[in-house]
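Working notes, structure below.
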Amino acid sequence: MNERRKAMQVAALCNGTAIDHIPPSVVFKVVSLLELEKLDNPITIGNNLESKKMASKGIIKITGKYFEESVINKIAIIAPNVVLNIIKDYEVVEKKRVVLPKVINGIVKCNNPKCITNNEPMTTRFEVIDCNNTELRCHYCNIKIQKDEIILK
Ligand SMILES: [Zn+2]
Numbered sequence: 769m770n771e772r773r774k775a776m777q778v779a780a781l782c783n784g785t786a787i788d789h790i791p792p793s794v795v796f797k798v799v800s801l802l803e804l805e806k807l808d809n810p811i812t813i814g815n816n817l818e819s820k821k822m823a824s825k826g827i828i829k830i831t832g833k834y835f836e837e838s839v840i841n842k843i844a845i846i847a848p849n850v851v852l853n854i855i856k857d858y859e860v861v862e863k864k865r866v867v868l869p870k871v872i873n874g875i876v877k878c879n880n881p882k883c884i885t886n887n888e889p890m891t892t893r894f895e896v897i898d899c900n901n902t903e904l905r906c907h908y909c910n911i912k913i914q915k916d917e918i919i920l921k
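Per the working numbering, the sequence shown runs over residues 769 to 921.
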């Protein structure tokens with residue numbers, strides 16, 4: 769095996785999840801959203817890589833880890849076009865798209881400073897009122913939050 773091929777083998781995943789087509793600006797938000805810092809699994813994070821579909825992209829590969837759909841769909845809040853490659857024995861066995869959940873609990877901060885969720889120790893809750901444009905509405909104060917205004921907690 770030559771050196772170049774060896775390097776590719778290191779980069780390839782035997783078993784696990786590869787999250788592809790992440791916009792470079794949100795790669796590290798995805799890391800914290802999935803709480804990857806708490807895992808002991810080998811993780812490879814690539815960013816500002818060349819992409820055929822986008823100007824540039826990020827990729828996160830997590831060895832030996834398959835996520836619950838409810839967890840993975842959180843990514844849709846900040847990166848609706850990511851593709852998840854489920855890998856077994858070096859083969860992509862499934863490609864998954866993320867789907868925005870109908871209700872988002874505890875990830876997004878309410879933009880209304882007077883909202884009870886900003887003044888009491890409680891979990892935020894948002895209903896997704898437009899899943900194509902990622903528009904959210906706070907369950908407690910009814911303020912509407914557009915995609916560009918979303919602040920993650
Ligand atoms: Zn609110």
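Just so you know, even glycine gets a beta-carbon here, dropped at the ideal spot from N, CA and C.
If you draw a straight line from the alpha carbon of F894 to that of V851, how long is it in whole angstroms? F894 and V851 have their C-alpha atoms roughly 24 Å apart.
Taking only the alpha-carbon atoms, compute the straight-line gap between C899 and I919 and give it to the nearest angstrom. Rounded to the nearest angstrom, the gap between the Cα atoms of C899 and I919 is 17 Å.
Contact check, F835 vs T892 under 8 Å by CB: the rounded distance? With a Cβ gap of about 22 Å, F835 and T892 do not count as contacting.
Residues whose Cβ lies closer than 6 Å to any heavy atom of ligand 1, in chain order: For ligand 1, the selected residues are C878, N880, C883, T885, C906, Y908, C909, I911.
Just to confirm, are I875 and K842 a CB contact at a threshold of 8 Å? Against a cut-off of 8 Å, the Cβ pair of K842 and I875 comes out as a contact.
Taking the CB atoms as reference points, tell me whether G832 and N887 lie closer together than 8 Å. No, these two residues do not count as a Cβ contact at 8 Å.
Classify I790 as buried or exposed, calling it buried when 16 or more other Cβ atoms lie within 10 Å of its own Cβ. Buried: at least 16 other Cβ atoms inside 10 Å.
Could you check the C-alpha separation between M822 and A847 for me, to the nearest Å? Taking the straight line joining both Cα atoms gives about 13 Å.
Enumerate in chain order the residues of its own chain whose CB-to-CB distance from K912 is below 6 Å, with the five nearest sequence positions on each side excluded. Non-local beta-carbon contacts of K912 in its own chain, meaning distances under 6 Å to residues more than five positions away in sequence, involve R905 in chain order.
Which of helix, strand or coil DSSP assigns to K806: For K806, the secondary structure class from DSSP, reduced to helix, strand or coil, is helix.
Which full runs of the alpha helix (DSSP H) of 4+ residues lie inside the segment 794–847, going along the chain? Taken in chain order, the complete alpha helix (DSSP H) segments of 4 residues or longer contained in the segment 794–847 are 795–801, 837–840.
To the nearest angstrom, how far is the alpha carbon of S824 from that of N816? Rounded to whole angstroms, S824 to N816 spans 5 Å at the Cα level.
One question on the structure: do L868 and I845 come within less than 8 Å of each other, judged by their Cβ atoms? Closer than 8 Å, so yes.
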